[in-house]
Amino acid sequence: MPLADAAETGLKIVIVGGFGVGKTTLVRSVSEIRPLNTEEVMTQAGAGVDDVAGLRNKSTTTVAFDFGRISLNEQTVLYLFGAPGQERFWFLWDRLFSGTLGAVVLVDTRRMADSWYAIDRLEYHGTPFVVAVNRFDEDGSRFSLDEIRQALDLPEDVPLVDCDARLRDSGKNVLITLVDHLYQQALAREMTA
Amino acid sequence: MIRKPVDIGDPHRLYTVTGGRSRGEEAGLDLVTLIVSECRPTEGMQSEHVRILELCGHPTAVVEIAADLRLPITVVKILLGDLLASGRITARNPRPSAAHGDAPESALLKEVLIGLRNL
Ligand SMILES: Nc1nc2c(ncn2[C@@H]2O[C@H](COP(=O)(O)OP(=O)(O)OP(=O)(O)O)[C@@H](O)[C@H]2O)c(=O)[nH]1
Ligand SMILES: [Mg+2]
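In order, the protein sequences belong to chains A and B.
Quick note, my numbering runs 1 ahead of the 1-based positions in the first sequence.
Quick note, my numbering runs 91 ahead of the 1-based positions in the second sequence.
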């Protein structure tokens, strides 16, 4: 895509991870606007059905997810989406992944298993991602990144970084890590093309 | 913060807003698809359509429209579908869709990287 055509470009990055790992906090810390809430209508059954007529039927609920905006330059706006973390909404992630630049998987080392599903789905969709360990003060374990990489069975080429989702610079660093990873991948592809 | 799924509120309102139609995604709209108005609001147009045409005088992402209208994405896509069908708005897909397996070009990613570093 020639850059001229990228004028007024909307790009998106999705933040996923288990319940309460700090996704909303991360979106908030790096966004230029107070993150807004937006909603998807869906059935309780969770099929992601768009049957609005069925709204009259009480089994329909809405699910909120966060989004934040970062204006990178005059033409380019980056949108961050924080997926809902409750397990019964995980099916929504698949929809969010389509058309994303890439994803950030947030990990709380006290509940590492919650990240497996996210990693699994991303690998399935072929969506590039990085993993960020959100270090909570209450977490005394201080696993090293190597230990975490092993526990998550994460391939060597997937970047893994520490972060504090509450801090803007730290959140920014996570995004830079992701985009740098995407950039290197694109360069490598273009070399062999 | 534990956010419970919120109740939809008054279903009749949404039903009215969308004219009772149930499908909105045929147009292939994504959350970040940019919408641009191709005309001005006219007399008698439903208020949501008017608001969308006003907002999209400048290209605006679907998710921003939903936030502005305070309506769920699904409902907004239906509204946009109507306006698209009648040619009152156009949609620009932000970049080659992942469906084509096209990764964004390194040049674009470099721009993004520079933008992030400069924040
Ligand atoms: N100590 C500490 N607390 C954090 C950190 N990140 C988030 N929190 C807190 O952890 C709680 C959960 O954070 P959220 O950002 O709401 O988590 P979430 O992933 O969006 O949660 P769900 O959307 O419900 O899955 C909040 O009370 C945050 O203030 C962190 O890095 N350190
Ligand atoms: Mg959240």
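Glycine is no exception: its CB is placed at the ideal position from the N, C-alpha and C atoms.
Taking just the CA atoms, how far does residue 130 (chain B) sit from residue 110 (chain A)?
-> Annotation: residue 110 (chain A) to residue 130 (chain B) spans about 53 Å, alpha carbon to alpha carbon.
Pair every Cβ in the segment 148-155 of chain A with every Cβ in the segment 80-98 of chain A, then say whether three or more of these pairs are closer than 8 Å.
-> no
For residue 81 (chain A), write down the residues that DSSP places opposite it in a beta bridge.
-> A:14, A:69
With distances taken between CB atoms, is the gap from residue 14 (chain A) to residue 102 (chain A) smaller than 7 Å?
-> yes
Taking C-beta pairs closer than 9 Å, name the residues in chain A that residue 121 (chain B) reaches, listed in chain order.
-> 11, 13, 99, 100
So, does the CB of residue 139 (chain A) fall closer than 7 Å to a CB anywhere in chain B?
-> no
Using CA coordinates, which residue listed in A:171, A:158, A:77 is at the minimum distance from residue 198 (chain B)?
-> A:77
Nearest neighbour of residue 183 (chain B), chosen from A:74, A:190, A:116, A:11 [CA to CA] = A:11
CA-to-CA distance, residue 157 (chain B) to residue 163 (chain B), given in whole angstroms | 6 Å
Can you find a heavy atom of ligand 2 that lies under 6 Å from the Cβ of residue 23 (chain A)?
-> no
From this set, A:173, A:32, A:132, which residue's C-alpha is nearest residue 17 (chain A)'s C-alpha?
-> A:132
Return yes when at least one heavy atom of ligand 2 lies under 6 Å from the C-beta of residue 83 (chain A), else no.
-> yes
If we ignore side chains and look at the alpha-carbon of each, how far apart do residue 64 (chain A) and residue 85 (chain A) end up?
-> Rounded to whole angstroms, residue 64 (chain A) to residue 85 (chain A) spans 8 Å at the Cα level.
Beta strand (DSSP E) segments (min. 3 residues) lying fully within the segment 111-193 of chain A = Entirely contained in the segment 111-193 of chain A, the beta strand (DSSP E) runs reaching 3 residues are, in chain order, 130-135, 161-164.
Considering residue 180 (chain B), what are the terminal residues of the beta strand (DSSP E) in which it resides?
-> 180-183
Start and end residues, beta strand (DSSP E) containing residue 128 (chain B) | According to the DSSP assignment, residue 128 (chain B) belongs to the beta strand (DSSP E) that extends over 125-128.
Coarse secondary structure for residue 105 (chain A), derived from DSSP in three states = strand
Span of the alpha helix (DSSP H) around residue 100 (chain A) | It is not in any alpha helix (DSSP H) - residue 100 (chain A) carries neither H nor E in the DSSP assignment.
Give me the Cα-Cα distance between residue 81 (chain B) and residue 157 (chain A), rounded to the nearest whole angstrom.
-> No information on residue 81 (chain B) is available, as it lies outside the stretch 92 to 210 that chain B covers here.
Residue(s) in a DSSP beta bridge with residue 176 (chain B) = Paired residue(s): none; residue 176 (chain B) is not in a bridge.
Quick one: does the C-beta of residue 138 (chain A) sit closer than 6 Å to a heavy atom of ligand 1?
-> yes
Alpha-carbon to alpha-carbon, residue 184 (chain A) and residue 201 (chain B) | 7 Å
Whole angstroms is fine: what's the gap from residue 22 (chain A)'s alpha carbon to residue 139 (chain A)'s?
-> Cα to Cα, the separation comes out at about 13 Å.
Straight-line Cα distance separating residue 30 (chain A) from residue 123 (chain B) | 21 Å
Taking C-alpha atoms, which residue in A:100, A:134, A:123 lies nearest to residue 113 (chain A)?
-> Considering only alpha carbons, the answer is A:134.
By how many angstroms is the C-alpha of residue 143 (chain A) removed from the C-alpha of residue 167 (chain A)?
-> 18 Å
Give a yes or no on whether the minimum CB-CB distance between residue 4 (chain A) and chain B is below 7 Å.
-> Note that residue 4 (chain A) scores 35 on pLDDT, short of 50, meaning its location in the model is unreliable and no value can be drawn from it.
Proximity test, Cβ basis, 7 Å: residue 7 (chain A) and chain B | In this prediction, residue 7 (chain A) has a pLDDT of 40, which is less than 50 and means its spatial position is unreliable; what the coordinates show is noted afterwards. Yes, residue 7 (chain A) lies at the interface with chain B (some Cβ there is under 7 Å from its Cβ).
Any chance the CB of residue 181 (chain A) is under 6 Å from a heavy atom of ligand 4?
-> Ligand 4 is not among the ligands present in this structure, which contains only ligand 1 and ligand 2.
What residues are listed by DSSP as bridge partners for residue 151 (chain B)?
-> B:126
With a 10 Å radius around its C-beta and 16 neighbouring C-beta atoms as the bar for buried, classify residue 130 (chain A) as buried or exposed.
-> buried
Output, in sequence order along the chain, the residues in the segment 138-159 of chain A whose CB is closer than 9 Å to any CB in chain B.
-> none
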